[in-house]
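Enquirer: If you want this note's numbering, it's the position in the sequence shown, counting the first as 1, plus 1. What follows is a single structure, and I will ask about it in a moment.
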Amino acid sequence: MKEINAVDFEKEVLNGGKVVVDFYSTECAPCEALAPKFDAMAELYGEKIKFLKVFRQGNRELATELGVSSSPTLLFFENGKQVTGSISGGIKKSEIIERLDTMLTSEEVTAIKANQKPIVSEYDVAILGGGPAGLTAGLYLGQAKIKTVLIDPALPGGYMGITHQVSNYPGFTEAQPGFMLAHYMSEQTKQTGIDFKVAVDITSVDLLKKEIVIDELETIWAKKIIIATGTTPNTMNAPGEKEYKGKGISYCATCDAKYFVDKEVTVIGGGNSAVEEALFITKFASKVTMIHQFDKLTANQTAIEQLQANEKINVMYVHEPRNFEKRGNTMITTIEDLKTKKVKELESDGVFVFIGFKSNVSVLGKTLPDMNNWGYILTDEDMKTSIPDVYAIGDIISKKYRQITTAVADGTIAAITISKEL
Ligand SMILES: Cc1cc2nc3c(=O)[nH]c(=O)nc-3n(C[C@H](O)[C@H](O)[C@H](O)COP(=O)(O)OP(=O)(O)OC[C@H]3O[C@@H](n4cnc5c(N)ncnc54)[C@H](O)[C@@H]3O)c2cc1C
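So, in structure tokens, the structure goes:
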């Protein structure tokens, strides 16, 4: 694996051979999550395919020329030509493998797969998810000397890691950058000696058997499982959204707002996260137009007041996006006025979508614990679910308030309950 700059691009990439290039940025959680997977892939496929990294902020012109508008983005080249399409955002290891395998012969793929040996490990507790809830459960279990593994397809920190500033976590007089809070929490938990298996692919979960398979290779058995997998941002499923995800449409302001200096941005949404993220985007962009389906914002009053005082933000109430397309480098959002039913086109340099969340239960296998009507897991006061020895904590559970403080409280309760039982 090698880091290159724009000047080396022709020699290293366009001059032939099979090459995969990772365009990454700093302060980008999905980029950090991709890095160890990319290294592992380089070790496995390195003899057949060249693995290169390009720092996007330092090579903006090259990135723009290649149509890279989101971090991280992987581009694949064969004999100087781009092949198999790019991938960006929260990239799974299996997505990379799928593309790399298409660049090799079936004999080469079989030989590479034969080099991987299956692993089996046993724990008292397996925690699925390393956000504030999972990290806190890990902290208490580690301090109680309970053999614990924390598993996450990304890096530890969860949403905390991509929140620009956290001003309501007790113990800090100044607002903390979210990634620093994530770093402190994760280091504190690591120091207790529990195992971290992060930036892995979750191949399967069987809550009844208490079996988790990661990276299609390692089987983990645990006496108890804690579910702390949080939520995922909703998508609108409007035409063009999937196509331009990572190519003009983003779901992460901390990752991508810095590329919109003096540019115009469209933000979809009007709740807390949309308002907070729109305010953050104005640190870079010259103008932000928010599209909100209701006639009032649904964020907290402080955030609404900050937004109203910000001259860069204009809100279009009672409008909904209907379609996304790209003309040159301009994103065109077709919006409908919900009162008059009239549609019009809105031009901007990029679109950010913040329209709420859904719980990450689909990744938990066939047998799921009891849930409420919206797919959030029901627990008792000890964080126990309807499945014996399976606990759930944090944003994934049915509760009124989803905050870092409430997530860490849930993690504490589950871990103390388990410590008393084991
Ligand atoms: C933009 C934004 C700003 C916010 N600002 C604040 C704030 O200022 N103050 C505050 O208190 N709260 C804030 N919140 C809310 C707060 O971040 C959440 O309530 C909190 O992070 C929930 O913690 P969690 O551990 O339950 O879930 P998350 O933080 O969502 O973490 C879940 C973890 O599970 C992992 N995961 C997903 N799928 C799997 C799987 N299949 N197996 C294993 N792991 C998996 C994810 O990668 C992630 O690391 C904010 C949220 C957002 C979105």
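Cβ coordinates follow ideal geometry from the N, Cα and C atoms, glycine included.
For Pro-157, is the classification buried or exposed, using 16 other Cβ atoms within 10 angstroms of its Cβ as the cut-off for buried?
Expert: Pro-157 should be labelled buried.
Enquirer: What are the partner residues of Val-22, as DSSP defines its beta bridges?
Expert: Looking at the DSSP assignment, Val-22 forms a beta bridge with Leu-53 and Leu-76.
Enquirer: Closer than 8 angstroms by C-beta to Leu-76: which residues in its own chain qualify, once you throw out the five before and the five after it? Chain order, please.
Expert: Within the same chain, Leu-76 has close Cβ partners Val-21, Val-22, Phe-24, Leu-67, Val-69, Gln-83 and Ser-87.
Enquirer: Determine the direct distance from the alpha carbon of Pro-240 to that of Ala-279, and round the result to whole angstroms.
Expert: Cα to Cα, the separation comes out at about 23 angstroms.
Enquirer: Can you tell me whether Asp-263 is buried or exposed? The criterion is at least 16 other CB atoms within 10 Å of its CB, across all chains shown.
Expert: By the 10 Å Cβ count, Asp-263 comes out exposed.
Enquirer: Buried or exposed, going by whether 16 or more other CB atoms sit within 10 Å of the CB of Thr-341?
Expert: Result: exposed.
Enquirer: May I ask whether a heavy atom of ligand 1 can be found less than 7 angstroms away from the beta carbon of Pro-322?
Expert: For ligand 1, not one heavy atom lies less than 7 angstroms from the Cβ of Pro-322.
Enquirer: Between the Cα of Asp-390 and the Cα atoms of Leu-369, Asp-411, Ile-419 and Met-161, which residue gives the shortest distance?
Expert: Ranking the options by Cα distance to Asp-390, first place goes to Ile-419.
Enquirer: Under the criterion of a Cβ to heavy atom distance below 7 angstroms, does Ile-50 qualify as lining ligand 1?
Expert: No - ligand 1 has no heavy atom lying nearer than 7 angstroms to the Cβ of Ile-50.
Enquirer: Pick out whichever of Ser-360, Thr-164, Val-276 and Gln-189 has its Cα sitting closest to the Cα of Gln-144.
Expert: Nearest of Ser-360, Thr-164, Val-276 and Gln-189 to Gln-144, Cα basis: Gln-189.
Enquirer: Which value, in whole angstroms, describes the spacing of the CA atoms of Asn-60 and Lys-12?
Expert: Approximately 16 angstroms, taken between the alpha carbons.
Enquirer: Quick check: does the Cβ of Ile-203 come within less than 7 angstroms of any heavy atom belonging to ligand 1?
Expert: Ile-203: yes, Cβ under 7 angstroms from ligand 1.
Enquirer: Compare the beta carbon distance of Phe-78 and Val-14 with 8 angstroms and say whether it is the shorter of the two.
Expert: Their beta carbons are under 8 angstroms apart, which means Phe-78 touches Val-14 by this criterion.
Enquirer: What are the uninterrupted segments assigned as alpha helix (DSSP H) that are 4 or more residues long and contained completely in the segment 85-168, given in chain order?
Expert: Within the segment 85-168, the complete alpha helix (DSSP H) runs of at least 4 residues are 94-103, 107-115 and 133-144.
Enquirer: Return the Cβ separation of Ile-228 and Ile-397 in integer angstroms, given the expectation that the two are a contact with Cβ distance under 8 angstroms.
Expert: 6 angstroms between Cβ atoms; contact.
Enquirer: Would the beta-carbon of Glu-96 be found less than 7 angstroms away from any heavy atom of ligand 1?
Expert: The answer is no for Glu-96.
Enquirer: State the start and end residues of the unbroken beta strand (DSSP E) segment that holds Met-317.
Expert: Element bounds for Met-317: 314-317.
Enquirer: Which value, in whole angstroms, describes the spacing of the CA atoms of Leu-105 and Ile-203?
Expert: Cα to Cα, the separation comes out at about 25 angstroms.
Enquirer: Kindly indicate which residue of Cys-256, Thr-111, Phe-10 and Met-2 has the alpha-carbon position closest to the one of Met-42.
Expert: Cα-wise, what sits closest to Met-42 is Met-2.
Enquirer: Pick out whichever of Asn-301, Glu-337, Tyr-318 and Cys-253 has its Cα sitting closest to the Cα of Phe-355.
Expert: Answer by Cα proximity: Cys-253.
Enquirer: Can you grab the Cα-Cα spacing for the pair Lys-114 / Ile-98, in whole Å?
Expert: Rounded to whole angstroms, Lys-114 to Ile-98 spans 11 angstroms at the Cα level.
Enquirer: Assess, as a yes-or-no matter, whether the segment 222-238 is touched by the segment 126-144 under the definition of 3 or more beta carbon pairs within less than 8 angstroms.
Expert: Yes, the segment 126-144 is in contact with the segment 222-238.
Enquirer: I'd like the ranges of any beta strand (DSSP E) spanning at least 3 consecutive residues and lying wholly in the segment 335-385.
Expert: Within the segment 335-385, the complete beta strand (DSSP E) runs of at least 3 residues are 344-349, 351-354 and 358-360.
Enquirer: If you follow the alpha helix (DSSP H) that Asp-396 is part of, which residue opens it and which one closes it?
Expert: Note, Asp-396: premise wrong, no alpha helix (DSSP H); not H, not E.
Enquirer: Suppose you measure from the CA of Gly-139 to the CA of Lys-284; what does that come to, to the nearest Å?
Expert: Taking the straight line from one Cα to the other gives about 36 angstroms.
Enquirer: How long is the line joining the alpha carbons of Glu-6 and Thr-407, rounded to whole angstroms?
Expert: Residue identity check: residue 6 is Asn in the sequence provided, not Glu. About 44 angstroms.
Enquirer: Would Phe-353 pass as a contact of Val-276 if the rule is Cβ separation under 8 angstroms?
Expert: The answer is no: Cβ separation not under 8 angstroms.
Enquirer: Are the Cβ atoms of Thr-368 and Leu-209 separated by less than 8 angstroms?
Expert: Yes.
Enquirer: Indicate, with yes or no, if ligand 1 has a heavy atom lying under 7 angstroms from the CB of Pro-178.
Expert: No, the beta carbon of Pro-178 sits no closer than 7 angstroms to any heavy atom of ligand 1.
Enquirer: For ligand 1, is there any heavy atom lying closer than 7 angstroms to the beta carbon of Asn-169?
Expert: Because some heavy atom of ligand 1 lies under 7 angstroms away, the Cβ of Asn-169 counts as near it: yes.
Enquirer: For Val-316, which option in Gly-329, Gln-294 and Ile-378 has the closest C-alpha, if you only look at C-alpha atoms?
Expert: Looking at the Cα atoms, Gln-294 is the closest of the given residues.
Enquirer: Could you name the residues of the same chain whose beta carbon sits closer than 7 angstroms to that of Glu-33, not counting the 5 residues immediately before and after it, in chain order?
Expert: Once the five neighbours on either side are set aside, the close Cβ partners of Glu-33 are Leu-156.
Enquirer: Flag Pro-37 as yes when its Cβ comes closer than 7 angstroms to any non-hydrogen atom of ligand 1, and as no otherwise.
Expert: No, the Cβ of Pro-37 stays beyond 7 angstroms of every heavy atom of ligand 1.
Enquirer: Check the C-beta distance from Ile-414 over to Asp-383 and give it rounded, since I have them as a contact under 8 angstroms.
Expert: 6 angstroms between Cβ atoms; contact.
Enquirer: Can you say whether Tyr-402 is buried or exposed, counting buried as having 16 or more other CB atoms within 10 angstroms of its CB?
Expert: Classification of Tyr-402: exposed, given that the 10 Å Cβ count is below 16.
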